[in-house]
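In the working numbering, the protein residues as written are 13 to 318. Yeah, the Cβ is synthetic: ideal placement off N, Cα and C, and Gly gets one too.
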Ligand SMILES: Cc1cc2nc3c(=O)[nH]c(=O)nc-3n(C[C@H](O)[C@H](O)[C@H](O)COP(=O)(O)O)c2cc1C
């Protein structure tokens, strides 16, 4: 039995990848999580300029639904400082995917050009930032803009490009088609869902930014459906990476059956000993494979499409 999986030209030792941002702010943490058994890690999204992020509180736990609402913004040290830290991580051979955000194609290209000489495994394009277009809507909701940016970035690098899709759209396959047409190598579904939480005594939204994004268990059925829809549209034409609400090994299997070749995991690893969670996920996936006589991840992918 083998847990290895392929995402285009990239082979991972298993399908579990750290999702961007939740824990990926310190490089020692990224390395520790890889050593605990992940297949790869995605960094926090990085942009051209240093940014301090949104007002506190920026994260609020919704324990009753094992979820989190957050609006950390794009707090990051800017490309120069980021590059120095990244080089340290890459020295320890951790398969690393760099997440990038920007306002427009010029900003995306600047970050790619500043990092593409490093031994990173792929870029993941995060389109949840507001564009510089008149309405300022999130880039990931506009298929023309998604196409334009992916095409531009594609022209700037030969490294694999993953596009992370937003669930805040009417038809996720339309945005995905624009990304595929632009030349991306994998689709990642999904980012956080627009959400809010209100303090009923103070009678105001709890997050400093008022509005935030939902992650954690409540997001899982939304992510699973997105992956299922994408697989129905693209089948094996493009690899799909499932994200949202993975708390158990069984959740990983669900994403694989929906059509994913691998998964990203975020919120559930925000515990005191994420290493134990990772080992437990792996054990559960192996057990399911044994019980169902699967010998490879590839055999599970898309199995729910009959
Ligand atoms: C605190 C926090 C910070 C995040 N930062 C980023 C980020 O920088 N870039 C990004 O693409 N997604 C970011 N995300 C979204 C996650 O990568 C992931 O798509 C989402 O949380 C759903 O997965 P999960 O339910 O396993 O957490 C963030 C999520 C949280 C909760």
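Roughly how many angstroms separate the alpha carbons of residue 103 and residue 53, rounded to a whole number? 14 Å
Apply the 10 Å Cβ neighbour rule to residue 293 and answer buried if 16 or more other Cβ atoms are within range, or exposed otherwise. buried
If you pair each beta-carbon of the segment 179-191 with each one of the segment 207-222, do three or more pairs fall below 8 Å? no
Supposed close pair residue 227, residue 80 - CB separation, criterion 8 Å: 5 Å
If we ignore side chains and look at the alpha-carbon of each, how far apart do residue 321 and residue 309 end up? The structure shown does not extend to residue 321, since the chain spans only 13 to 318, so no value can be given for it.
So, helix, strand or coil for residue 54, using DSSP? strand
Same chain only: Cβ atoms within 7 Å of residue 229, ignoring 5 sequence neighbours per side: 77, 78, 79, 257, 259
Three-state secondary structure (DSSP) at residue 279? helix
Which value, in whole angstroms, describes the spacing of the CA atoms of residue 69 and residue 222? 9 Å
Whose C-alpha, out of 22, 165, 167, 34, is nearest the C-alpha of residue 225? 34
Report the option in 285, 281, 261 whose CA atom is closest to the CA atom of residue 274. 261
Please return the same chain residues whose Cβ sits closer than 8 Å to the Cβ of residue 29, not counting the five positions on each side in sequence. 50, 51, 52, 53, 54, 109, 253, 274, 275, 276, 277
State yes or no: is the C-beta of residue 271 within less than 8 Å of the C-beta of residue 317? yes
Identity of the residues DSSP links to residue 211 by a beta bridge: 216
Could you tell me the distance, in whole angstroms, from the CA atom of residue 171 to the CA atom of residue 21? 10 Å
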